[in-house]
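In my numbering, the protein residues as written are 144 to 212.
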């Protein structure tokens with residue numbers, strides 16, 4: 144696979160992760176509106192959001208050219 148195809152794949156993965164991250168925001172907000180809400184479920188969703196954020200940061204670092212200081 145060539146470099147541009149790799150970049151496209153990474154960009155597509157990044158968009159999918161961002162989309163899932165936004166969806167989790169919506170789900171967490173909806174759950175938190177309910178009283179009482181399931182704290183364990185919210186914690187799990189927030190943990191998943193953090194995992195997604197880490198994955199997004201890794202992909203973004205691969206997509207950005209290295210800056211030589």
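C-beta: ideal position from N, C-alpha, C; glycine also.
Please read these numbers as outputs of a predicted model, since none were measured by experiment.
- [ ] Count the other CB atoms, across all protein chains shown, that sit within 10 Å of the CB of residue 206; report buried if there are 16 or more and exposed otherwise.
- [x] Per the 10 Å Cβ criterion, exposed.
- [ ] Report back the beta-carbon spacing between residue 185 and residue 175 to the nearest angstrom; my notes put them in contact at under 8 Å.
- [x] About 7 Å separates the two Cβ atoms, so the contact holds.
Task: Cα-Cα separation, residue 203 to residue 194 - done: Spanning the two alpha carbons is a distance of roughly 14 Å.
Open item on the list: Tell me the residue span of the alpha helix (DSSP H) that contains residue 163.
Closed with: Note, residue 163: alpha helix (DSSP H), 146-176.
Task: 9 Å Cβ cutoff met for residue 188 and residue 170 - done: Going by C-beta atoms, residue 188 is nearer than 9 Å to residue 170.
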